[in-house]
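Q: Okay, so the sequence shown: first residue is 18 according to my numbering, each after it adds one.
For every residue, glycine included, the Cβ atom is placed at its ideal position computed from N, Cα and C.
None of the values given here were measured: they were computed from a predicted structure.
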Amino acid sequence: MKSSIERTVNRLLDRLDEELAVGTADFCALVSDELPVITIGEWLQLPSADYPLLRSLTHDQVFTQELFPTRSQLALSDRATGQLREYFTTLVRERRRNPGTDPVSSWLAVWDDLECDRAAADEAVFHLVLFMVLAALETTAHVLSGAVRLLLEHPRQRDWLRTRPEHIPGAIDEVLRYDAPIHMISRVAPEDTVLAGVTIRENEMVQLMVGAAHHDPRQYADPELFDIRRRSPHLSFGGGIHFCLGNALARMEAECLLTALLQRLPGLRLAGAPVWASRVAFRRLITLPVARA
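#1: If you reduce the DSSP assignment to three classes, tell me which class Phe260 lands in.
#2: Among Asp43, Arg179 and Gln82, which one has its Cα closest to the Cα of Val297?
#3: Using a Cβ-Cβ cut-off of 7 Å (strictly less than) and excluding sequence neighbours within five positions of Val54, which residues of its own chain qualify?
#4: Run the CB neighbour count on Asp130, radius 10 Å, all protein chains shown included, and call it buried at 16 or more, exposed below.
#5: Have a look at the DSSP bridge pairing and note the partners of Gln62.
#6: Which full runs of the beta strand (DSSP E) of 3+ residues lie inside the stretch 55 to 134, going along the chain?
#7: Suppose you measure from the CA of Glu219 to the CA of Asn115; what does that come to, to the nearest Å?
#8: Pick out whichever of Thr98, Tyr195 and Phe44 has its Cα sitting closest to the Cα of Pro291.
#9: According to DSSP, Trp293 sits in a beta bridge with which residue or residues?
#10: Among Cys273, Lys19 and Glu221, which residue has its Cα nearest to the Cα of Val211?
#11: Quick one: measure Cβ to Cβ for Glu103 and Leu287, integer angstroms, because I've assumed they're closer than 8 Å.
#12: Taking C-beta to C-beta, are Val150 and Thr56 nearer than 8 Å?
#13: Could you spell out where the alpha helix (DSSP H) holding Ile189 opens and where it closes?
#14: For the stretch 120 to 128 against the stretch 36 to 51, are there 3 or more C-beta pairs whose distance is under 8 Å?
#15: In or out: Pro234 buried (at least 16 other Cβ within 10 Å) or exposed?
#16: If you draw a straight line from the C-alpha of Gly163 to the C-alpha of Ile217, how long is it?
#17: When you compare the CB positions of His200 and Leu302, do they come within less than 8 Å of one another, or not?
#18: Take the Cβ of Ile22 as the centre, count every other Cβ of all protein chains shown within 10 Å, and call the residue buried at 16 or more, exposed below.
#19: How many angstroms separate the CA atom of Met269 from the CA atom of Leu52?
#20: Does the Cβ of Asp134 have 16 or more other Cβ atoms within 10 Å, making it buried, or fewer, making it exposed?
#21: Kindly indicate the opening and closing residues of the alpha helix (DSSP H) around Val48.
#22: Under 8 Å between the Cβ atoms of Phe143 and Val109?
#23: Under DSSP, the beta strand (DSSP E) around Arg204 begins and ends at which residues?
#24: Report the residue from Leu84, Arg28 and Ala141 whose alpha carbon sits nearest the alpha carbon of Ser203.
#25: Hey, would you say Leu278 sits closer than 8 Å to Leu30, going by beta carbons?
#26: Given Ala271, which residues of its chain have a CB within under 7 Å of its CB, disregarding the five upstream and five downstream residues?
#27: Pull up the DSSP beta-bridge partners for Met222, would you.
#28: Quick one: Cα of Val215 to Cα of Arg194, how far?
#29: Please determine, among Ser89, Thr276, Val223 and Met18, the residue with the shortest C-alpha to C-alpha distance to Glu59.
#30: Can you tell me which of the three DSSP states Arg181 falls into?
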């Protein structure tokens, strides 16, 4: 998928360049919110006209995974989840009627070999494609916008990286540590256990504060220092059986974007304060104003 992502990156940077020619531009709206939905949409062969709807529904759906969602946020999430179910149930039904070379058609063929019940096979594929979209948009968009924000806030490191593009993968890891796309992971205890001296009863939920763990001075030297040459492990992609299925795709999108951006727009600068969504678990930059130096 790399060549396709590179083409999309350059197309989006063309649009950004046009906006910068007349003033400031919102990097989120023009680039970081667009690249993930285009990437996954083209791979799944979804109509490009549906991309704005899928992006909006994904933004609303994550409220159900927040730490303290309000009643109105849960209602918004429920509506979004219902619309996503309708959209992807229809998609699976259409791909079954008219199979092609797309992943959904391939998954249906695989599940038909594993599951004699067509309805059960369709349900399994629905959950898979929904998971792919939910996992591919919100978190990746934050990695992209967060990486650009941090590099623009640290111009000496940005300039160092421009002449040493082989260090971009390491810089992405530091972005993931410093400002993870997900700051909280929920887990349920399968049995009574003791964790760090605290008794946790069977079926009790524990919130793992990954964002805080990434700034633990017992694990990281100078954790509040953003350093793209740091080589430390992080939990941004989870671990074990929960390790992120889309980690390679997210890394690829970030690497393609930073490689092109550093070469094409070396004088890019922040043009105002970033605006954040009011969340705990899922980080999201709503706007990232940028301009030419």
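A: Short version:
#1: coil
#2: Gln82
#3: Tyr68, Leu71, Arg72 and Leu154
#4: exposed
#5: DSSP output for Gln62 lists no bridge partner at all.
#6: none
#7: 47 Å
#8: Phe44
#9: Leu302
#10: Glu221
#11: Not quite, the Cβ-Cβ distance comes to about 40 Å (not below 8 Å), so this is no contact.
#12: no
#13: Ile185 to Tyr195
#14: no
#15: exposed
#16: 34 Å
#17: no
#18: buried
#19: 11 Å
#20: exposed
#21: That residue, Val48, is in no alpha helix (DSSP H); it is neither H nor E in DSSP.
#22: yes
#23: Ile202 to Val205
#24: Leu84
#25: yes
#26: Val160, Leu161, Ala164 and Ile189
#27: Val205
#28: 26 Å
#29: Met18
#30: coil
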